[in-house]
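Peer 1: In the numbering used here, the protein residues as written are 466 to 706.
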Amino acid sequence: SLLLQLVDKIDDPELKREYLLKLKDLISIELTKSTSQPYTLQKIFQKFNNPLPQNLTLQDLQKEIKDTKQDLQKFKQKTKKQIIHLEQLLSQNHSSSSSNKEIEPIDPINPEIQEETSIKFINLIKRITYQKWHINITIAIQDSFKLQTIALIDSGAQMNCIQEGLIPTKFFEKTNQKLFTANGENLSVKFKIPDVHIYNDGICIKQTFILVKDLDIGVILGQPFLEVIKPFKLKNKGIIM
Numbered sequence: 466s467l468l469l470q471l472v473d474k475i476d477d478p479e480l481k482r483e484y485l486l487k488l489k490d491l492i493s494i495e496l497t498k499s500t501s502q503p504y505t506l507q508k509i510f511q512k513f514n515n516p517l518p519q520n521l522t523l524q525d526l527q528k529e530i531k532d533t534k535q536d537l538q539k540f541k542q543k544t545k546k547q548i549i550h551l552e553q554l555l556s557q558n559h560s561s562s563s564s565n566k567e568i569e570p571i572d573p574i575n576p577e578i579q580e581e582t583s584i585k586f587i588n589l590i591k592r593i594t595y596q597k598w599h600i601n602i603t604i605a606i607q608d609s610f611k612l613q614t615i616a617l618i619d620s621g622a623q624m625n626c627i628q629e630g631l632i633p634t635k636f637f638e639k640t641n642q643k644l645f646t647a648n649g650e651n652l653s654v655k656f657k658i659p660d661v662h663i664y665n666d667g668i669c670i671k672q673t674f675i676l677v678k679d680l681d682i683g684v685i686l687g688q689p690f691l692e693v694i695k696p697f698k699l700k701n702k703g704i705i706m
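#1: Excluding the 5 residues preceding and the 5 following residue 674 in the sequence, name in chain order all residues of the same chain whose CB lies nearer than 7 Å to its CB.
#2: When burial is assigned at 16 or more other CB atoms within 10 Å of the CB, is residue 547 buried or exposed?
#3: With a threshold of 6 Å on Cβ separation, who are the neighbours of residue 602 within its own chain once the five nearest residues in sequence on each side are excluded?
#4: Does the beta-carbon distance from residue 676 to residue 637 come in below 8 Å?
#5: Between residue 685 and chain C, is there a C-beta pair that is closer than 8 Å?
#6: According to DSSP, is residue 660 helix, strand or coil?
#7: Shortest alpha-carbon distance to residue 642 belongs to which of 654, 632 and 635?
#8: Considering only the alpha carbon of each residue, which of 555, 480 and 623 lies closest to residue 526?
#9: Within the same chain, show all residues whose beta-carbon is closer than 7 Å to that of residue 633, passing over the 5 residues directly before and after it, in chain order.
#10: Is residue 556 near the ligand SAM, judged by its Cβ being under 7 Å from some heavy atom?
#11: Leaving out five residues before and five after residue 629 in sequence, what residues of the same chain have Cβ atoms less than 6 Å from its Cβ?
#12: Looking only at C-alpha atoms, which of 607, 600 and 668 sits nearest to residue 413?
#13: Buried or exposed, going by whether 16 or more other CB atoms sit within 10 Å of the CB of residue 650?
#14: Since residue 642 is in the beta strand (DSSP E), which residue starts that stretch and which ends it?
#15: Return the first residue and the last residue of the beta strand (DSSP E) that residue 675 is part of.
#16: Would you kindly work out how many angstroms separate the C-alpha atoms of residue 597 and residue 542, rounded to a whole number?
#17: If residue 670 sits next to residue 685, beta carbons under 8 Å apart, how far is it from one beta carbon to the other, in whole angstroms?
#18: List the residues that DSSP assigns as beta-bridge partners of residue 602.
#19: Rank 613, 640, 635 and 545 by C-alpha distance to the C-alpha of residue 683 and give the top, closest one.
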């Protein structure tokens, strides 16, 4: 841990042993005060292996990420307090020691490393929470238009989306719906297409799509689509409906 690395910089064996004992007492005190349980690998694997509940919504997933960020922030704050306390102990003992031997300066914790660790942890939770797959589909509108394409099924997408330019404008209807990216960016949305039939392996599902001008992927099937096909099984080859 970071605290052990700080103590490891002390060359004097007796002095190092004294600090290690104080560090042990400090950690024991902090553990008794702790009320929140950190994530473990076992819990993370359980989240990955267990199927999502039937009534899970986007709000539930967003709340889980928000709670995880808060837990991580609390952990960082507690670690910072422990480091400050240890540095104070080191300073007090160094000033009172009669030894003339200098202790190697302690390198400050790089905030960029802490931030990088936080981002990796949050990205891991997001990977477990949001799932994405590709699927071959045929889109049909009013029996007069058909489009075969590969769609992205994204459990993190709030709506079904189609890139403008793939569908003739005669099927467009004006809409006041709004769509935002994961970064909170507003996407340009003016039209929707109701009553779109999606075919896959003999199964037909009717959905409504919104048209997005700046969409990197041609067709995205979001939560409205997933709510219709649940329960479903995820195999190595993709979704088996």
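Just so you know, even glycine gets a beta-carbon here, dropped at the ideal spot from N, CA and C.
Since the model is a prediction, treat every value here as computed from it, not as a measurement.
Peer 2: On the basis of the coordinates in this document:
#1: Stepping through the sequence shown from its first residue, residue 674 is reached at position 209. Cβ contact annotation for residue 674 (same chain, cutoff 7 Å, sequence separation greater than five): 625, 626, 627, 657, 658 and 661, in chain order.
#2: Residue 547 sits at position 82 when you count from the first residue of the sequence shown. When all chains shown are included, residue 547 counts as buried.
#3: Residue numbering aside, residue 602 sits at position 137 when the sequence shown is read from its first letter. Only 616, 663 and 665 meet the Cβ criterion.
#4: Along the sequence shown, one-based indexing puts residue 676 at 211. Along the sequence shown, one-based indexing puts residue 637 at 172. Contact: yes.
#5: In the structure shown, chain C cannot be found, because there is only a single protein chain.
#6: Walking along the sequence shown from the start, residue 660 turns up at place 195. DSSP places residue 660 in strand when its eight states are reduced to three.
#7: For the purposes of this step, residue 642 is taken as the residue at position 177 of the sequence shown. Minimum Cα distance to residue 642 is reached at 654.
#8: To locate residue 526, count along the sequence shown from 1; it is residue 61. That would be 623, whose Cα lies nearest to the Cα of residue 526.
#9: Residue mapping note: residue 633 aligns to position 168 of the sequence shown, counting from 1. Cβ within range, chain order: 610.
#10: Although the ligand SAM was asked about, the structure shown includes no ligands whatsoever.
#11: If you number the sequence shown from 1, residue 629 lands on position 164. If you ignore the 5 residues before and after residue 629, its C-beta comes within less than 6 Å of the C-beta of 676 and 678, all in its own chain and listed in chain order.
#12: Only positions 466 to 706 of the chain appear in this structure, which leaves residue 413 out of reach.
#13: Counting from one through the sequence shown, the residue named residue 650 turns up at place 185. Residue 650 is exposed by the Cβ-count criterion.
#14: For this step, residue 642 is matched to residue 177 along the sequence shown. Segment: none, residue 642 is in no beta strand (DSSP E) and carries neither H nor E.
#15: Position 210 of the sequence shown, counted from the first residue, corresponds to residue 675. That run of the beta strand (DSSP E) goes 668-677.
#16: Here residue 597 refers to the residue found at position 132 of the sequence shown. Here residue 542 refers to the residue found at position 77 of the sequence shown. Each residue's alpha carbon lies about 34 Å from the other.
#17: Locating residue 670 in the sequence shown gives position 205, where the first residue counts as 1. Locating residue 685 in the sequence shown gives position 220, where the first residue counts as 1. Rounded, the Cβ-Cβ distance is 15 Å, inconsistent with contact.
#18: Numbered from its first residue, the sequence shown carries residue 602 at position 137. For residue 602, which the question treats as bridged, DSSP gives the partners 614.
#19: If you number the sequence shown from 1, residue 683 lands on position 218. Looking from the CA of residue 683, the closest CA among 613, 640, 635 and 545 belongs to 613.
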